[in-house]
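Enquirer: One structure is given below, represented as structure tokens, and several questions about it will come after.
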Amino acid sequence: MVNGQADQAAPGLDEAEALRLDAAEPGHRHLFHVPPADGGRYPESAYLAGNSLGLQPRATRDELLADLDAWSRLGVEGHLAAERPWLPYHELLTAPAARLVGALPTETVVMNSLTVNLHLLMVSFYRPEGERTRIVIEDTAFPSDSYAVRSQARFHGLDPDATVVRLAPRPGEDTLRTEDVTGYLAAEGHTVALVLLGGVNYLTGELMDIPAITAAGRAAGAVVGWDLAHAAGNVPLSLHDWDVDFAAWCSYKYLNSGPGALAGVFVHERHHGNPTLPRFEGWWSTAADTRFEMTPVSRPPATVEAWQISNPPIFAMGPVRTSLELFDSVGMSALRARSLRLTGYLERLLDEVTANRPLTVITPREPRRRGCQLSVRLGEGSAAELTTRLRHEHGVIADAREPDVIRFAPVPLYSTYHDCWRVADALAATVSEVSR
Ligand SMILES: Cc1ncc(COP(=O)(O)O)c(C=O)c1O
2 MVNGQADQAA PGLDEAEALR LDAAEPGHRH LFHVPPADGG RYPESAYLAG
52 NSLGLQPRAT RDELLADLDA WSRLGVEGHL AAERPWLPYH ELLTAPAARL
102 VGALPTETVV MNSLTVNLHL LMVSFYRPEG ERTRIVIEDT AFPSDSYAVR
152 SQARFHGLDP DATVVRLAPR PGEDTLRTED VTGYLAAEGH TVALVLLGGV
202 NYLTGELMDI PAITAAGRAA GAVVGWDLAH AAGNVPLSLH DWDVDFAAWC
252 SYKYLNSGPG ALAGVFVHER HHGNPTLPRF EGWWSTAADT RFEMTPVSRP
302 PATVEAWQIS NPPIFAMGPV RTSLELFDSV GMSALRARSL RLTGYLERLL
352 DEVTANRPLT VITPREPRRR GCQLSVRLGE GSAAELTTRL RHEHGVIADA
402 REPDVIRFAP VPLYSTYHDC WRVADALAAT VSEVSR
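Okay, here's the thing in structure tokens:
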């Protein structure tokens, strides 16, 4: 399937059009470090892997160095005397994180990493009882979520195979329909303790109908939580208004805060201060003004901060703060508007390239059912091999998910129309046409 020709513009794909579109709508690429290309005709890579790891904002390094300088100058005094004092440092992240996910500031906190947060939230919100024990996930849930919920079932003495329900698309379909989920909840909801789905599916790029599924789950008496790893910073969210029970997301994908960056948590205010909810605690769970009373019993605040445990890593918070400031300055609605244009453009080019090649876009075609990512399934050959060739022969960085999916994410902050054109051009040059 793979032909040997690289570096040849495919007929029918108009590079000049891409350049014109970029000139008319420059975006924010200048605010980021774009990795140099590993091959091909252009000095910079066409970076389409922001759904996996976002690029580094240019502002991050200096901001991080300033925090490091405070430590070298002030030692322990930095907790109170640093320009951004470390004791309340996490509060700098709270309001912008809340704006990003459509929450009240009291409902959002940045802490730990994603799967750790999902576990801490399940300590509170997965309470199997009687016949209501099931956890509903999607069949293509990210493996970490699958392992997490299975281990939670075992933790409660339950059989994970019987407890975890994996909802799969209908035969012949690639993505879940909303009614596949709401239908299950209407029929079996009395057995469901927790619904935990990806807001945007990591594999297919499908954006779930979060409000409709949340409403259906809650109507069935279940708790509804969301893994927003691929949704935060990608699509507009209104977690508070959608009545979501809890959510967690990482900051290393669309939030550009660096590998393994700190994660975010949302807990709806209706759960705050509820003394019957179990929670794991540490000294950061107690209210800030009681933290140094050194008493043996905590007095947690009636906010999401009660879910914190440890004092936060300041040098890991810096990049998240810098990134959230960027989101605040550009604004999620402007980003979404650009995202719809960029992804729509990439889809149009992919339609042209995939028409006579063993490639199929599996992401929903309706813009309201996706974020910026488009996933392409290979009919033959290896996805890993193809991404390697795209990178080394064309400087196009995308990622493969075995066995047969390649993901392309034009990220509205730093991707360009020309990046999208390079994807289509590289696929056309790398994957041979077939007669259909
Ligand atoms: C949807 C989803 N959930 C969970 C994870 C795991 O996150 P972490 O390793 O930060 O816990 C990832 C990582 O890519 C992910 O995409």
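Using my numbering, the first residue of the sequence shown is number 2, and each one after it goes up by one.
Using N, Cα and C, we set each Cβ at its ideal position, and we do this for glycine too.
Any idea what DSSP makes of residue 68, helix, strand or coil?
Expert: helix
Enquirer: When the distance is taken between beta carbons, is residue 216 closer than 8 Å to residue 196?
Expert: no
Enquirer: Under 8 Å between the Cβ atoms of residue 357 and residue 55?
Expert: no
Enquirer: Mapping the DSSP letters down to three states, classify residue 515 as helix, strand or coil.
Expert: A query on residue 515 cannot be resolved here, the shown segment of the chain reaching from 2 to 437 and no further.
Enquirer: Taking residue 373 as the reference, give the member of 108, 383, 415, 310 with the closest Cα.
Expert: 415
Enquirer: According to DSSP, is residue 377 part of a helix, a strand, or is it coil?
Expert: strand
Enquirer: Closer than 7 Å: is that where the CB of residue 1 sits relative to any heavy atom of ligand 1?
Expert: There is no way to answer for residue 1, as the model of the chain reaches only from 2 to 437.
Enquirer: Starting from residue 438, trace the beta strand (DSSP E) in both directions and tell me its first and last residue.
Expert: It is not possible to answer for residue 438, since the shown part of the chain is limited to 2 through 437.
Enquirer: For ligand 1, any of its heavy atoms closer than 7 Å to the Cβ of residue 231?
Expert: yes
Enquirer: Please confirm if the stretch 279 to 287 is in contact with the stretch 80 to 89, defined as three or more CB-CB distances below 8 Å between the two stretches.
Expert: no
Enquirer: Find the nearest neighbour of residue 22 within the set 388, 303, 431, 345, judged by alpha-carbon distance.
Expert: 345
Enquirer: Going by Cα to Cα distance, which pick from 326, 272, 294 is closest to residue 304?
Expert: 272
Enquirer: Report yes if the CB atom of residue 45 is closer than 8 Å to the CB atom of residue 37, and no otherwise.
Expert: Yes, Cβ-Cβ distance for residue 45 and residue 37 is below 8 Å.
Enquirer: With a cut-off of 8 Å on the beta carbons, I'd call residue 105 and residue 140 a contact; round off their distance for me.
Expert: About 33 Å separates the two Cβ atoms, so there is no contact after all.
Enquirer: So within the stretch 45 to 110, which uninterrupted alpha helix (DSSP H) runs reach at least 4 residues, ignoring any that extend past its ends?
Expert: 59 to 75, 79 to 82, 92 to 102, all fully within the stretch 45 to 110.
Enquirer: Ignoring anything shorter than 4 residues or poking outside the stretch 144 to 181, list the alpha helix (DSSP H) runs there in chain order.
Expert: Whole alpha helix (DSSP H) segments, 4+ residues: 144 to 156, 161 to 164.
Enquirer: Spatial neighbours of residue 444 within its chain, please: CB distance less than 6 Å, with the 5 preceding and 5 following residues excluded, ordered by chain position.
Expert: Nothing in the structure corresponds to residue 444, since the chain is present only between 2 and 437.
Enquirer: Answer with buried or exposed for residue 424, where buried requires no fewer than 16 other C-beta atoms within 10 angstroms of its C-beta.
Expert: buried
Enquirer: Among 297, 337, 102, 181, which one has its Cα closest to the Cα of residue 166?
Expert: 181
Enquirer: Drop a sphere of 10 angstroms on the beta-carbon of residue 35, count the other beta-carbons inside from all chains shown, and report buried for 16 or more, exposed for fewer.
Expert: buried
Enquirer: Compute the minimum distance between the beta carbon of residue 126 and the heavy atoms of ligand 1, and state whether it is under 7 Å.
Expert: no
Enquirer: Would you kindly work out how many angstroms separate the C-alpha atoms of residue 275 and residue 419, rounded to a whole number?
Expert: 52 Å
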